[in-house]
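What follows is a short report on a single structure.
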Amino acid sequence: MVNAVGINDFPAAAAALRSFTPRIEIQIEETPAPAKLATHALALSAECIVDDEELASGRFVLLYEPEGHETWNGNFRCVTFIRAQMELQMGVDPLLPEVGWSWFEDALNGLEVTATSGTVTQATSASFGQLEERGSDCEIEIRASWTAIISAKDPNEIAAHFAAWCALLAQCAGLAPITLADGVASIARNRS
61 MVNAVGINDF PAAAAALRSF TPRIEIQIEE TPAPAKLATH ALALSAECIV
111 DDEELASGRF VLLYEPEGHE TWNGNFRCVT FIRAQMELQM GVDPLLPEVG
161 WSWFEDALNG LEVTATSGTV TQATSASFGQ LEERGSDCEI EIRASWTAII
211 SAKDPNEIAA HFAAWCALLA QCAGLAPITL ADGVASIARN RS
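Just so we're aligned, residue 61 is where the sequence shown starts under this note's numbering, counting upward by one.
Encoded structure:
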């Protein structure tokens with residue numbers, strides 16, 4: 061196994077996720093975790109809301125196997141889902157799946173991970189009849205999982221993986237990244 065850590069590490073990792081504070085537009089809520097995927101699991105749902113409008117939503121599930129899991133190549137597995145509305149021009153771009161996957165890879169940049177996998181789906185819908193006023197909608201869905209390589213000395217490192225996922229959620233929602241300049245955080249919105 062890549063990182064065989066002890067049973068006591070899941071409560072610490074779960075506590076780190078529960079205490080994480082995302083950017084102001086993201087609301088986090090703990091939801092029931094899948095019961096049969098791993099010995100221990102924690103699930104968090106998230107919504108990215110600006111001006112009372114939901115721009116993106118998703119789910120982050122942390123799975124933990126004390127003895128490790130052969131296909132994960134480790135103990136901690138992050139299983140995620142993001143859905144976001146896209147502008148029509150971007151939503152119909154045939155390269156959107158590749159772009160979405162590059163966003164995922166960029167979000168994990170700098171983190172120690174292995175066994176990444178996932179899908180990116182783009183969907184366009186057109187409304188007809190009494191729903192015609194809605195026009196066309198486009199959305200992207202990113203389903204991704206990875207094994208987080210976490211130090212046995214600090215299971216709180218999992219919070220960095222959750223932070224990366226929250227940044228991906230915000231990016232899918234069209235929000236500009238938060239940058240620190242002179243100690244001031246920017247929460248600029250880059251969406252028309």
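Built from N, CA and C at the ideal position, the CB exists for glycine as well.
*Cβ of Tyr124 within 7 Å of Cβ of Asn133?*
Asn133 sits away from Tyr124, with the two beta carbons spaced by 7 Å or more.
*Note down, one range per segment and in chain order, each alpha helix (DSSP H) of at least 4 residues found wholly within the stretch 113–160.*
Counting whole runs of 4 or more residues, the stretch 113–160 contains the alpha helix (DSSP H) stretches 148–151.
*Can you round the beta-carbon distance between Gly178 and Arg203 to whole angstroms, since I take them to be within the 8 Å contact cut?*
Indeed they touch by this definition, with Cβ atoms about 5 Å apart.
*Please determine, among Glu130, Asp197, Ser117, Asp112, the residue with the shortest C-alpha to C-alpha distance to Gln149.*
Comparing Cα positions, the closest option is Asp197.
*In whole angstroms, what separates the C-alpha of Val110 from that of Glu172?*
Rounded to the nearest whole angstrom, the C-alpha separation of Val110 and Glu172 is 31 Å.
_Same chain only: Cβ atoms within 8 Å of Thr131, ignoring 5 sequence neighbours per side_ = So the list reads Ala175, once near-sequence residues are dropped.
_Alpha carbons only, please: which of Pro94, Ala76, Arg83, Asp69 is nearest the one belonging to Thr239?_
Of the listed residues, the one whose Cα sits closest to Thr239 is Arg83.
_Terminal residues of the beta strand (DSSP E) in which Arg203 lies_ = Start and end: 196–208.
*To the nearest angstrom, how far is it from the Cα of Cys108 to the Cα of Gln231?*
Taking the straight line joining both Cα atoms gives about 10 Å.
*Roughly how many whole angstroms lie between the Cα atoms of Ala98 and Gln190?*
Cα-Cα distance, rounded: 46 Å.
*Going by CA-CA distance only, name the one from Glu217, Phe120, Ile210 that's closest to Gly128.*
Cα-wise, what sits closest to Gly128 is Ile210.
*For Asn250, does the count of other Cβ atoms within 10 angstroms reach 16, so buried, or fall short, so exposed?*
The predicted model places Asn250 with a pLDDT of 41, which falls under 50 and marks its position as unreliable; any figure quoted below should be read in that light. Exposed, since its Cβ has fewer than 16 Cβ neighbours within 10 Å.
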